[in-house]
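Chains as they are written, first to last, in the UniProt record's numbering: chain A, 1 to 586; chain B, 1 to 183. Every residue, glycine too, gets a C-beta built ideally from N, C-alpha and C.
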């Protein structure tokens, strides 16, 4: 009987095959086939994504993947965007840069989200990675234009510098002038979040002129409208453009200059910026509207008639961000004009007003759901909703992947029936079988969570606020949502029982955030003891949790799985529940 | 529902008004947590205009509605450039350990601005004269303009000042006296 020999390829062949596998999930599967595949795969993995920077240590990542060229890290929990995470909580990138500077000198790309980045980190990046190509900072803070200047000055092969919604200390250091005259590789530049008044326009124009591969340019509010034409004429190959302030004194020659400049940009597909819009200048973009696929008007404080005119010129629009000035009437026009619409975000113009300032209701959402068959992703702020509307939307759009509804007043009932909105959201999860992300609002009982636990099998992220009646609500979600990775909850009456009963579930998720709920300190300690592979962080600015009775609810709780153990960089108002009872807080 | 009960036209509106929640319950039964400090608002459709004396201001809930801070200032369409968001500048004073920030838009002229700065840092500026600058104190208020130059506060018209001022610095001592001496 012949012995069956294992059929194996030489390593180089396997490596070549693996190079076609880009997705992290597939790469992880490949690495689990056998030991030799694990070894080969880890030496040829080029990109790593770490969804929680505290889930693993930089040293472990680099040890396993010594030849990475790109790393993506996320730091603070999502609710940090709304000021629920106190300053100083953590998310520092510096330890990662230090490790990589030594061990991964050929690193090309760093993408960070919600992390604290210092000038020191940026300077280290500029110094350490000779072939550095791309820096994408999304919702980061802690650095100034000095740090960015170091990147601009040193990184000769830089292609991408993207600062999205960052909080940058703008020291008016003439950032752009730090790019050397010999530097020409820029492909993507996003400085829209910079606040400075000082943008040297001649420097900007020269930069744009010599960087002939520039495809994305997003300027900041400081760049006035009368400078845009010159820039566009020097970069007719632009695909994605963000204006600065879209306001100027109305002059016929400057208008035609601008319109001419826009028409010369035949490749333009995405527009954003539009601060302080003077409506009379909007038609200048009409020449490019027919090809636009993405339009961000979420800073444009223009009224519905102008928005309607604009939107009617954009039949190929796939993505629209807009203020609620568009009103129901504008959304109806959108529904009839933009049949390719995939993503819609409607932001509130007056979020803290008590009475509605615009006529934007559930009707607009229903209209878009009915008219736009490809609609997949919605973020909608409004002041009233009904179960009937939600059921209609759910039936119209079974392909939703992201549905985030924010009814501005917490616990608002169905305005027609005064009932909770359980049935409406229940329809969403029932009909939209591929739903990955859901944000709830309005008056909701435990029933909505029962629907979610029963139907939302592909749901990965759920945001809950001011909802539910009891622990049963939380239990439905934790026990039913098989794909759940991120759960964030605020101001709900969820306590110890559901959490402790579903402790094991937490290890299958990236993270759980609970603030202003009813989880006791005792339960947090228990969870920390029971689950060594979870970090159970109690965040409480009132003082040490053990200075209050154990049964007292904690202010904020952040639980995440980790193989790195407790972190060492916690501020005084964060406590990690230890898994060794003998190390309990005294 | 607390708040005024309107008897304007002889009606007891409270008895007939729509309320959020099931009949027979009252609002406090909802989970009350420390972050929910707010007024109970009437549902849409009710006209408030004729009823009250100004309703008490709505206390804001932390982090709600869930929008990023840079999106919070879009309430009024701007008609002219002078309306809209404030002009925030940093104010430093020689010898003070930290800076302050003020909104130039809230002041109508130099006297108001200087008074505010005096109160903020607890000192007095002297009397301004075009020829001699600020006399009578150790301090002189200066500002950095759009060109990066340091100017004495008060030399240019107010409107020009607020559009060209980038930061304010209260100079002390000999440096200040140098500025005060003409040229």
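- Rounded to the nearest angstrom, the Cβ distance from residue 153/B to residue 163/B is 14 angstroms, too far for a contact under 8 angstroms.
- Note: residue 133/B is bridge-paired with 129/B in the DSSP secondary-structure output.
- Residue range 94-103 is occupied by the alpha helix (DSSP H) that includes residue 96/A, with no beta strand (DSSP E) assigned at that position.
- In the DSSP assignment, residue 141/B falls within the beta strand (DSSP E) that extends over 139-144.
- Looking only at 444/A, 401/A, 323/A, 415/A, the smallest Cα-Cα distance to residue 438/A is reached by 401/A.
- In this structure, the beta-carbon distance from residue 435/A to residue 429/A falls below 8 angstroms.
- For the C-beta of residue 406/A, the chain B residues within less than 7 angstroms are, from N- to C-terminus, 65, 66.
- Taking 8 angstroms as the upper bound on Cβ-Cβ separation, chain B lies near residues 347, 348, 349, 350, 351 of the segment 332-351 of chain A.
- Per DSSP, residue 344/A is one residue of the beta strand (DSSP E) stretching across 343-347.
- With contacts defined as CB atoms closer than 8 angstroms, residue 85/A and residue 76/A qualify as a contacting pair.
- Only 79, 81, 82, 83, 84 from the segment 79-91 of chain A bring a Cβ to less than 8 angstroms from some Cβ of chain B.
- Of all residues in the UniProt domain "PB1" (86-173) of chain B, the ones placed with a Cβ closer than 9 angstroms to any Cβ belonging to chain A are 146, 148, 166, in chain order.
- For secondary structure counted as the alpha helix (DSSP H) over 4 or more consecutive residues, the segment 385-470 of chain A holds these complete runs in sequence order: 387-396, 422-431, 446-455.
- In terms of Cα proximity to residue 350/A, the closest of 341/A, 239/A, 298/A is 298/A.
- Counting the other CB atoms within 10 Å of its CB gives residue 265/A a total of 16 or more, which places it among the buried residues.
- Put simply, of 33/A, 39/A, 30/A, 71/A the residue whose alpha carbon is nearest the alpha carbon of residue 46/A is 71/A.
- Nearest CB-CB separation between residue 410/A and chain B: below the 8 angstroms threshold.
- For residue 165/A, a Cβ of chain B is located within less than 8 angstroms of the residue's own Cβ.
- Only 381, 383, 384 from the segment 378-400 of chain A bring a Cβ to less than 7 angstroms from some Cβ of chain B.
- In this structure the segment 217-233 of chain A does not touch the segment 285-293 of chain A; the number of beta carbon pairs closer than 8 angstroms is below three.
- With respect to residue 552/A, residue 520/A sits close: the two C-beta atoms are nearer than 8 angstroms.
- Burial of residue 179/A is indicated by the presence of at least 16 other C-beta atoms within 10 angstroms of its C-beta.
- The C-beta distance from residue 375/A to residue 404/A rounds to 13 angstroms, too long to fall under 8 angstroms, and the pair is not in contact.
- A Cβ-Cβ contact shorter than 8 angstroms links residue 408/A with residue 65/B.
- In the DSSP annotation of this structure, the continuous segment of the alpha helix (DSSP H) that includes residue 310/A starts and ends at 304-312.
- For residue 457/A, same chain residues with a beta-carbon under 6 angstroms away, outside a window of 5 residues either side, are 482 in chain order.
- Residue 531/A sits in coil when the DSSP states are folded into three classes, being neither helix nor strand.
- In the DSSP assignment, residue 289/A falls within the unbroken alpha helix (DSSP H) covering 286-289.
- Counting only runs that start and end inside the segment 198-258 of chain A, the alpha helix (DSSP H) elements of at least 4 residues fall at 201-210, 228-234.
- Looking only at 541/A, 508/A, 546/A, the smallest Cα-Cα distance to residue 522/A is reached by 546/A.
- Taking 4 residues as the minimum length, the alpha helix (DSSP H) runs contained wholly in the segment 136-174 of chain A are 145-154, in order along the chain.
- Residue 116/A places its beta carbon less than 8 angstroms from that of residue 141/A.
- The beta carbons of residue 489/A and residue 517/A sit about 6 angstroms from each other, so the pair counts as a contact at 8 angstroms.
- In the structure shown, the three-state DSSP call for residue 63/A is helix.
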